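Those letters in the sequence shown? Residues 5 to 193, per our numbering, in order. Okay, structure first, notes after.
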Amino acid sequence: MINHTIKRVFLALLCCFSSTATLGGIAVEPALVDLNFKAGRASGQFVITNTGDKEERYRIVSSFFTLNEAGNVQLAEETEHSMASWIKFNPKEFALPPKSKRLVRFVVLPKKKVEDGQYWAAMELESLEGRDYSTQDEQGRTFNLKVIPSVLAPMFGRAGKITPDFEIKNEGLLKNPRGQNVFELEIAN
């Protein structure tokens, strides 16, 4: 159940912006991958677009993530629900001219028989170039900042029968800041 909630949060955010994840001159589609491990070998592809005006170099890795209590994505150590170590990308590093696209294929190769349940990871695409920004304040101090754009595209997989594994921690009827009644349900898994 909580895993469906995670998926719904990502879907809602992605639908607000489009089916493409875009950040800092990088566009990735699809922005979300849903796999079924019982339907044969899980594989697919991403289309990476350099929307910027100069050639960029990129690296692709698979990462495991969770959501914290505030609903923010955070990279995490792998758990039994991680499929990050199963994912292989081709190519893993590449250069992309401005205003061009590149196909990146992936295959999910579990190390053993996949047990019934849900698994997830993310395709993490990061620029190897980075962007340097510099500014100066009124006292003449210079501040330099290097930004390395990175995009996460969540990948969800399921196998067999999925049973919810959670407990209800708290529930209640509250008023939101606009005075509307809201039912709040806090769960833990």
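Backbone N, C-alpha and C define an ideal beta-carbon position, used for all residues, glycine too. As the structure is a prediction and not an experimental result, all values here were calculated from the model.
Check residue i in the structure and name its three-state DSSP category.
i      : result
Ala74  : coil
Lys179 : strand
Ala88  : helix
Asn185 : strand
Glu133 : coil
Phe170 : coil
Lys105 : strand
Assuming residue i and residue j are in contact, meaning their beta carbons sit under 8 Å apart, how far apart are those beta carbons, in whole angstroms?
i      : j     : result
Pro101 : Asn54 : 7 Å
Lys105 : Ile52 : 7 Å
Phe110 : Gln49 : 7 Å
Who are the Cβ neighbours of residue i in its own chain at under 6 Å, not counting the five residues just before and after it?
i      : result
Thr139 : Phe147
Gly29  : Thr55 and Gly56
Glu188 : Gly176 and Leu178
Nearest to residue i by alpha carbon, out of the options?
i      : options                  : result
Asp169 : Asp120, Ala31 and Tyr62  : Asp120
Ser67  : Asn174, Lys173 and Thr83 : Thr83
Lys42  : Asn76, Phe187 and Leu113 : Leu113
Is any beta-carbon of chain D found at less than 9 Å from that of residue i?
i     : result
Glu97 : Structure shown: chain D not included; a single protein chain is present.
Is it the case that the Cβ atoms of residue i and residue j are separated by a distance below 9 Å?
i      : j      : result
Lys115 : Ser89  : yes
Leu132 : Arg45  : no
Leu149 : Asp136 : yes
Pro153 : Glu130 : yes
Near residue i, what residues of its chain come up, given a Cβ to Cβ distance below 7 Å and the 5 sequence neighbours on each side ignored?
i      : result
Ala125 : Ser66, Ser67, Phe68, Ser86, Met87, Ala88, Ile91 and Met159
Lys173 : Glu190, Ile191 and Ala192
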